[in-house]
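Numbering (our numbering), first residue to last: 4 to 180. The beta-carbon is built from N, C-alpha and C at its ideal position, and this holds for glycine as well. Take a look at the structure below.
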């Protein structure tokens with residue numbers, strides 16, 4: 004994640020004054036989806052040849068139709084105006100992390116050989132929450148190379164219950180003799 008993403012996320016968090024941070028995060032995530040899915044939208048915002056007024060009208064129209072928080076619309080306008088749309092994903096991720104941190108939620112990652120369904124991911128997060136004594140939000144990632152099992156990282160703590168990890172440990176033990 005870029006320093007720009009963290010700076011913008013911190014500035015947004017500090018500017019919320021009465022706005023619902025969860026709703027703002029939902030808005031920013033929705034806008035991120037549009038940037039990925041709507042052909043030409045990102046290019047229009049990043050193109051210096053498109054007049055600022057057109058970009059502003061487009062943001063206001065999209066935000067209005069989607070029912071975005073005013074704070075979300077102002078932030079999107081600022082990012083577009085400053086030419087930072089290319090760092091949007093970093094900003095959204097950093098804002099989510101900042102929001103979690105302010106609420107005492109730990110963030111982590113779970114890696115599995117196959118995709119987890121929602122209930123499995125919730126069960127991992129719940130169990131880890133009990134271990135750490137506070138809520139845990141996990142990002143799930145699929146990595147077939149772990150062969151099976153699971154790898155979990157929360158902060159600097161790593162649990163490796165993968166088949167690949169067990170094979171590596173066995174190989175090291177056998178090499179020691």
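- In this structure, DSSP gives residue 143 an extended state, which the three-state scheme calls strand.
- Membership of residue 152 in the beta strand (DSSP E) is indicated by the continuous run 152-157.
- Here residue 62 has 76, 79, 80 and 83 as same chain residues with Cβ atoms under 7 Å from its own Cβ, once five neighbours each way along the sequence are excluded.
- When the five nearest sequence neighbours on each side are left out, the beta carbons in the same chain lying within less than 8 Å of the beta carbon of residue 19 are those of 27 and 74, in order along the chain.
- Sequence-distant partners of residue 16 (beyond 5 residues in either direction) whose C-beta falls short of 8 Å from its own C-beta, in its chain, are 24, 98, 101, 102 and 105.
- Scanning 111, 36 and 122 for the CA closest to the CA of residue 160 turns up 111.
- Within the model, the alpha-carbon separation for residue 52 versus residue 65 is close to 20 Å.
- Burial of residue 96 is indicated by the presence of at least 16 other C-beta atoms within 10 angstroms of its C-beta.
- In this structure, the alpha-carbon of residue 55 lies about 11 Å from that of residue 49.
- Distance from the CA atom of residue 8 to the CA atom of residue 122, rounded to whole angstroms, is 31 Å.
- If you keep only unbroken beta strand (DSSP E) runs of at least 3 residues inside the stretch 78-133, you get 109-115.
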